[in-house]
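Peer 1:
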DNA sequence: GCCGTTTTCGGCCCGACTGTTTTCAGTCG
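Residue numbers (the working numbering): 158 to 736.
The following block contains the structure:
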């Protein structure tokens, strides 16, 4: 059972308690516990076997018992009892906006409604208005809500959102009065998917920006439009908000709308203990009632006596305690990255020539770029035969002689075969500057076989990096069934670097696993896995993911100079050859 | 149900909106 699965059980318990009208604090306790487990770096099974469940924040005696039950039996008898105590189907009503647990229960008890379809019919037949406190308007809203629910688009992958966001920002900046445009919400926190896009800014003439925004070519439909705020539906179906706010409270508003919700709740609780109350309008002294609006976000944290907490780690997973103790890590930044160690060219399945890739890398300030086209076994990606690989080396040599300011490294993304062997012979691997190992086939193997397979590959003395270690494709393919804890430990023992692949539909490792890898002492490479020159910019998502994993410059290998990198990569081979 | 350099009991984020209501409960982000 992994952390996400255990968290889901606790969230399910919370949902049923809500329907049952339990104390909201009891419900919150389960939700907080679920979040703790979801975001903590450690493996929940391991923590349990070491007997340290109660060390996890928001897990006390009672919830620890439920977690133990889940881990021991693969199910929670408490959840099963709860499920039997409520009519099935009633929780589905909660999906309809405007319907919460109280209303759902009344709809069931007084009208026997337990499906969304039954709810729709009841609203159309005007039976909802029989209920006390419900009227004509309520029925309309329910029907509207159901319609919205049926047409609502799923969360958008971050990469797709980024394209839209960049285009919108570029056009809004043409308004000469607009200032401080910033995207907040899950986009700013570099979550893997976003539900909607929330943009904020200041302007001396809000109306003109709002007009510009609502008339953009990307807008499909205007949902709401006022003088300082508008909501539109973009053509790709994602809801996008723009709000123009007063200069003097921009920082408070940014902080509030960046979230996460759990971070804000914890921040406000922390503030109360210091006699301060935080809201989107400022910070109020609860004794004097004086309120200070914050123009910049840093102010919010500094007034509370906290280190500035970067958006990527605002998850409610220990960042406030760390900030209070002045123990936040100094997160890696994009300029720390000196080169990209995972890229493709026309030689295999990329779109640009080696020279184009090299120049694009140099433009981005990099000093080195590893060319890592696919190995021969990956026919579908036009993997390089040994003969073509040697020809590619000649081209790399020629470019390295000719181009100034950037060095290409001879690399390969070598397929890890079903038996764990590598798709290039050792004598070839030995001649490479850098070898990446990747799984591209047989992804449905059982966990133990998958783990064995990867471990065997990691024992090859010439392998340097295990790339996209879980193989997930966000929204399309689950991670392989692999024991990451074991893989991370092996990486530390064997000197294998683990990758954070910045392709936005991969972001693999994810933040939580990256944080765990750091904790266990593994080295990380943050790469773009670019298949064309513009793809090098996917480094942004890789760095964002690294930051979500609390990683610092020193945890990441491609923040060092070329000389240091070569020493590091070579060191492993020498050690292994000596041994 | 969890938590504590003011507390082991008495707290538990903040504000806005909505609809139906004479003062507020429920819902949402």
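No residue lacks a Cβ here, since even glycine has one placed at the ideal position from N, Cα and C.
What are the uninterrupted segments assigned as beta strand (DSSP E) that are 3 or more residues long and contained completely in the stretch 349-420, given in chain order?
Peer 2: DSSP runs (the beta strand (DSSP E)) wholly in the stretch 349-420: 353-360, 376-382, 386-391 and 396-401.
Peer 1: Straight-line CA distance for residue 562 to residue 527?
Peer 2: The residue labelled residue 562 in the question sits at position 405 within the first chain. The residue labelled residue 527 in the question sits at position 370 within the first chain. It is roughly 14 Å from the alpha-carbon of residue 562 to the alpha-carbon of residue 527.
Peer 1: Which stretch, first to last residue, makes up the beta strand (DSSP E) that contains residue 337?
Peer 2: As a position in the first chain, residue 337 is number 180, starting the count at 1. Taken as a continuous stretch (DSSP letters only), the beta strand (DSSP E) holding residue 337 covers 335-340.
Peer 1: Check the C-beta distance from residue 688 over to residue 508 and give it rounded, since I have them as a contact under 8 Å.
Peer 2: Mapped onto the first chain, residue 688 falls at position 531. Mapped onto the first chain, residue 508 falls at position 351. That belief holds up - the Cβ atoms of residue 688 and residue 508 are roughly 6 Å apart, short of 8 Å.
Peer 1: For residue 499, does the three-state DSSP call read helix, strand or coil?
Peer 2: Here residue 499 refers to the residue found at position 342 when the first chain is read from its first residue. Shown here, residue 499 sits in a strand according to DSSP, grouped into three states.
Peer 1: Look up residue 634 in the DSSP assignment and say whether it is helix, strand or coil.
Peer 2: As a first step, residue 634 must be located in the first chain, where it is residue number 477. Of the three classes helix, strand and coil, the one that applies to residue 634 here is strand, per DSSP.
Peer 1: Between which two residues does the alpha helix (DSSP H) containing residue 260 stretch?
Peer 2: Here residue 260 is taken as the residue at index 103 of the first chain, counted from 1. Start and end: 258-268.
Peer 1: Answer with buried or exposed for residue 471, where buried requires no fewer than 16 other C-beta atoms within 10 angstroms of its C-beta.
Peer 2: Looking up residue 471 in the first chain gives position 314. When all chains shown are included, residue 471 counts as buried.
Peer 1: Residue 139 to residue 536, Cα distance in whole Å?
Peer 2: Only positions 158 to 736 of the chain appear in this structure, which leaves residue 139 out of reach.
Peer 1: What does a CB cutoff of less than 6 Å around residue 549 pick up in its chain, not counting 5 residues either side in sequence?
Peer 2: Here the question's residue 549 lines up with position 392 in the first chain. Hits under 6 Å: 504.
Peer 1: Could you tell me which residues DSSP pairs with residue 572 in its beta bridges?
Peer 2: Mapped onto the first chain, residue 572 falls at position 415. Answer is 595, bridged to residue 572.
Peer 1: For my contact list, residue 704 and residue 467 are in at a C-beta cut-off of 8 Å; report their separation, rounded to the angstrom.
Peer 2: Here the question's residue 704 lines up with position 547 in the first chain. Here the question's residue 467 lines up with position 310 in the first chain. With a Cβ gap of about 6 Å, residue 704 and residue 467 count as contacting.
Peer 1: Under 8 Å, with one C-beta from each stretch per pair, do the stretch 552-571 and the stretch 514-528 reach the 3-pair mark?
Peer 2: yes
Peer 1: Would a C-beta distance cut-off of 8 Å place residue 489 and residue 676 closer than the cut-off?
Peer 2: By 1-based counting over the first chain, the position of residue 489 is 332. By 1-based counting over the first chain, the position of residue 676 is 519. Their beta carbons are not under 8 Å apart, which means residue 489 does not touch residue 676 by this criterion.
Peer 1: The alpha helix (DSSP H) spanning residue 739 covers which residue range?
Peer 2: As displayed, the chain neither begins before 158 nor continues past 736, which places residue 739 out of reach and without an answer.
Peer 1: Within 8 Å, do at least three Cβ pairs link the stretch 663-677 to the stretch 182-200?
Peer 2: yes
Peer 1: Please determine, among 463, 697, 557 and 159, the residue with the shortest C-alpha to C-alpha distance to residue 485.
Peer 2: Taking the first residue of the first chain as 1, we reach residue 485 at position 328. Nearest C-alpha to residue 485: 463.
Peer 1: Going along the chain, which residues of its own chain have a beta-carbon closer than 6 Å to the beta-carbon of residue 345, five neighbours each way excluded?
Peer 2: By one-based count along the first chain, residue 345 stands at place 188. Counting only Cβ-Cβ distances below 6 Å, and skipping sequence neighbours, we find 415 and 468.
Peer 1: Tell me where the alpha helix (DSSP H) around residue 316 begins and ends.
Peer 2: Here residue 316 corresponds to residue number 159 of the first chain, with the count starting at 1. Residues 315-329.
Peer 1: Note down the Cα distance separating residue 390 from residue 378, rounded to an integer number of angstroms.
Peer 2: In the first chain, counting from the first residue as 1, residue 390 sits at position 233. In the first chain, counting from the first residue as 1, residue 378 sits at position 221. Approximately 5 Å between the Cα atoms of the pair.
Peer 1: Going by the beta-carbon positions, is the gap between residue 375 and residue 313 smaller than 8 Å?
Peer 2: One-based indexing of the first chain puts residue 375 at position 218. One-based indexing of the first chain puts residue 313 at position 156. It is not a contact, given that the beta carbons lie outside the stated cut-off.
Peer 1: So who's on the other strand from residue 567, going by DSSP bridges?
Peer 2: For the purposes of this step, residue 567 is taken as residue 410 along the first chain, with counting starting at 1. Note: residue 567 sits in a beta bridge opposite 528.
Peer 1: When the distance is taken between beta carbons, is residue 409 closer than 8 Å to residue 451?
Peer 2: Here residue 451 refers to the residue found at position 294 when the first chain is read from its first residue. Here residue 409 refers to the residue found at position 252 when the first chain is read from its first residue. Taking 8 Å as the Cβ cut-off, residue 451 and residue 409 qualify as a contacting pair.
Peer 1: Does the distance from the C-beta atom of residue 530 to that of residue 541 stay below 8 Å?
Peer 2: Position 373 of the first chain, counted from the first residue, corresponds to residue 530. Position 384 of the first chain, counted from the first residue, corresponds to residue 541. Closer than 8 Å, so yes.
Peer 1: How would you call residue 363, buried or exposed, if buried means at least 16 neighbouring beta carbons within 10 angstroms?
Peer 2: Taking the first chain and counting its residues from 1, one reaches residue 363 at position 206. By the 10 Å Cβ count, residue 363 comes out buried.
Peer 1: Please report the residue range of the beta strand (DSSP E) in which residue 682 lies.
Peer 2: As a position in the first chain, residue 682 is number 525, starting the count at 1. It spans 681-684 - the beta strand (DSSP E) in which residue 682 sits, taken as one unbroken run.
Peer 1: At the level of alpha carbons, what is the spacing between residue 316 and residue 664?
Peer 2: The count along the first chain starts at 1 and reaches residue 316 at position 159. The count along the first chain starts at 1 and reaches residue 664 at position 507. Cα to Cα, the separation comes out at about 10 Å.
Peer 1: Would you mind sorting residue 431 into buried or exposed? The rule is 16 or more other CB atoms within 10 Å of its CB.
Peer 2: Here residue 431 corresponds to residue number 274 of the first chain, with the count starting at 1. Classification of residue 431: exposed, given that the 10 Å Cβ count is below 16.
Peer 1: Skipping 5 residues on each side, what residues in its chain have a beta carbon closer than 8 Å to that of residue 443?
Peer 2: Counting from one through the first chain, the residue named residue 443 turns up at place 286. Once the five neighbours on either side are set aside, the close Cβ partners of residue 443 are 429, 432, 433 and 434.
Peer 1: Going by beta carbon distance, what residues of the same chain come within less than 8 Å of residue 270, once the five residues before and after it are set aside?
Peer 2: Position 113 of the first chain, counting from 1, holds the residue named residue 270. Excluding positions up to five away in sequence, the list reads 250, 264, 276 and 279.
Peer 1: Just confirm the distance between the C-beta atoms of residue 356 and residue 338, as a whole number of angstroms; I'd bet it's less than 8 Å.
Peer 2: Residue 356 sits at position 199 when you count from the first residue of the first chain. Residue 338 sits at position 181 when you count from the first residue of the first chain. 7 Å between Cβ atoms; contact.
Peer 1: Counting along the chain, where does the alpha helix (DSSP H) carrying residue 242 start and finish?
Peer 2: In the first chain, counting from the first residue as 1, residue 242 sits at position 85. Note, residue 242: alpha helix (DSSP H), 234-242.
Peer 1: Flag this pair as touching only if the stretch 216-233 and the stretch 682-699 have three or more C-beta atom pairs under 8 Å; answer yes or no.
Peer 2: no
Peer 1: Excluding sequence positions up to five away, which residues of its chain have a Cβ less than 8 Å from the Cβ of residue 366?
Peer 2: Walking along the first chain from the start, residue 366 turns up at place 209. Excluding sequence neighbours, residue 366 sits near 329, 332, 334, 335, 358, 360, 399 and 401.
Peer 1: Runs of 4 residues minimum, wholly inside the stretch 466-516: which ones carry the alpha helix (DSSP H) assignment?
Peer 2: 476-481
Peer 1: Please state whether DSSP places residue 604 in a helix, a strand or coil.
Peer 2: The residue given as residue 604 occupies position 447 in the first chain. Reduced to three states, the DSSP call for residue 604 is helix.
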